[in-house]
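Working notes for the structure below.
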Amino acid sequence: MNKDYYNILGVNKGANQDEIKKAFRKKAHECHPDKQGGDEAKFKELNEAYQVLGDEKKRSQYDQYGQTFDQARSGGGFSGFEGFGGANGGFNVDMDDLGDILGGFGDIFGFGGGSRQRSRTQRGRDIEVVLNIDFKEAVFGVEREISLRKTVSCSKCKGSGAEPASGSETCPTCRGAGKVIKMQRTILGNMQVQTTCPACHGEGQIIKEKCKQCKGAGVMNEIANLKIKIPAGINNGETIRYSGQGEATGKGGSFGGAQDRQAGDLYIKARVSPDKRFTRDNFNILSRAEIGIGLAALGGKIDIETVDGPVELKISEGTQSGRVIRLKSKGVPHIHGGGRGDHLVEVIVKIPTGLSRKQKEMLREMGI
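Numbering (the numbering used here), first residue to last: 13 to 380.
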C-alpha cells in the first residue's frame with residue numbers, strides 16, 4: 013500500500029529538514045509504545061517516514077517516484093537506498109534523534125540515549141583527599157605539599173600509547189570513525205546501533221609500535237607531589253576542587269583520540285582539629301574569660317588570647333557573669349574576601365569559695 017510520508021509526519025512537501033525533524037520528534041514522543049496511550053504501529057510508521065524524509069537523497073527519490081515509490085524500492089528501481097526494513101527485516105535509526113525522544117527509555121533498549129552517544133570526551137576518575145589542619149591554619153589559610161599515587165599521562169608518549177616517532181595508521185575495522193554499526197534486537201524489531209570499535213577501542217587509529225614505558229596504555233600509576241593551597245576561612249568539612257588534578261584516563265572508548273581525554277578533578281576535604289581555647293560560629297570566634305568578683309564590680313583590663321595573639325580586653329564596672337564583649341574584626345576572614353568576622357568573649361564571673369569570716373563580713377558590708 014502506498015504511504016504519504018509527508019502526511020504521516022504532518023508536514024507539507026516544502027518543509028525543510030529542521031521542520032521535518034521537529035515534527036518527527038513531537039509525534040514520536042506522543043505515540044512511544046512505552047508511554048501510556050502509546051501506539052507501537054504508529055511509532056514504527058513514523059520512523060519509517062522519517063528515515064525517508066529525513067535524508068535528502070532518499071527524500072529526493074521519494075519525491076521523484078511519488079506513488080510508485082514502494083514498487084521502485086522493492087524492485088530495485090534505484091540504488092543506494094535500503095529503505096525501512098532492510099535486508100534483515102529491521103530498520104535504521106538515527107540514534108541522536110531517537111535518543112532525544114526516548115529520554116529515560118534509552119536504557120530499556122540498551123543503547124543509552126543519543127546524548128551519551130554524542131559525547132566524545134572521556135574523563136578520568138576524581139580523587140578525594142582528607143587534609144588535617146589545625147584551627148589557626150583554617151582561619152588564616154595554609155600551603156601544604158601532599159603526595160598521592162594516581163594514574164597520570166605517560167611522560168614518554170604523552171598519552172598516545174605509541175612509541176615516539178613510530179606513528180599510527182587508520183583503523184581498518186572502523187576506517188577511522190572509532191565506531192561501528194551493528195544490529196540489535198529490541199521490542200520494536202531490529203535496530204542498527206553505533207558501538208565502540210572493538211579493534212581500536214574508539215581511537216580510530218591503530219598504533220604501529222606500543223610505547224615501551226606504558227605498554228600502549230597511554231597512562232601510568234605514579235606518585236605525584238602537589239602543592240595545595242588552603243584558603244583562609246575554610247571550615248571543617250568544606251571541600252576545595254582542583255580541576256584536572258585527578259586521575260588521567262587511558263586510551264579508547266570515547267570515539268576519539270587523546271585530544272578528547274581529560275583528567276578528573278582533585279577534591280581536598282578539610283578536617284579542622286578543635287582548639288580548646290576557641291570555637292567557631294560561622295565567621296565569628298567564641299571564647300570565655302574568667303574574672304574575679306572584684307574586677308567585675310570595679311572594672312579594669314585583662315589580657316586574653318585571640319588567633320592574632322594576646323590583646324587587652326576592657327572590663328566595665330558592674331559587669332555581670334555571662335556578658336559578651338565583642339572584639340571587631342578579630343574573627344575568621346571571609347573565604348571569598350570582604351573582611352573578617354568578630355571575636356566574641358563571654359565573661360564569666362568566678363565566685364570565690366572558702367572565704368574567711370572577715371572576708372564574708374566585708375562582702376556583706378558591700379552588699380554583695
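For each residue, glycine too, the CB sits at the ideal point set by N, CA and C. All of these numbers come straight from a predicted model, not from anything done at the bench.
{"Item": "Proximity below 8 angstroms, CB of Gly216 to CB of Cys166", "Value": "no"}
{"Item": "Assigned secondary structure, Asn104 (DSSP; H/G/I helix, E/B strand, else coil)", "Value": "The pLDDT assigned to Asn104 is 47, lower than 50, so where the model puts this residue is not dependable; a value taken from the coordinates is nonetheless given after this. Strand, per DSSP."}
{"Item": "Own chain partners of Ile218 with C-beta closer than 8 angstroms, once the 5 adjacent residues on each side are dropped", "Value": "Ser180, Glu181, Thr182, Cys183, Pro184, Ala211, Cys212"}
{"Item": "Inter-stretch contact (C-beta, 8 angstroms, three-pair minimum) for the segment 166-178 and the segment 304-319", "Value": "no"}
{"Item": "Between the CA atoms of Glu68 and Phe36 - distance to the nearest angstrom", "Value": "15 angstroms"}
{"Item": "Three-state class that DSSP yields for His41 in the structure shown", "Value": "helix"}
{"Item": "Per-residue DSSP class, three states only, for Asn19", "Value": "helix"}
{"Item": "DSSP state of Asn237 mapped onto helix, strand, coil", "Value": "strand"}
{"Item": "Interface flag, Gln73 vs chain D, CB-CB below 8 angstroms", "Value": "In the structure shown, chain D cannot be found, because there is only a single protein chain."}
{"Item": "Neighbourhood of Cys226 by C-beta, 6 angstroms cutoff - its chain only, sequence neighbours within 5 removed", "Value": "Cys166, Met232"}
{"Item": "Through-space distance from Leu143 to Glu155, alpha-carbon basis", "Value": "11 angstroms"}
{"Item": "Beta-carbon proximity list for Ser285, same chain, < 8 angstroms, skipping 5 on both sides", "Value": "Asn144, Ile145, Asp146, Phe147"}
{"Item": "Assigned secondary structure, Ala308 (DSSP; H/G/I helix, E/B strand, else coil)", "Value": "helix"}
{"Item": "Nearest neighbour of Arg300, chosen from Arg376, Lys313, Ile360 [CA to CA]", "Value": "Ile360"}
{"Item": "Three-state secondary structure (DSSP) of Leu58", "Value": "helix"}
{"Item": "Simplified DSSP assignment, three categories, for Gln48", "Value": "coil"}
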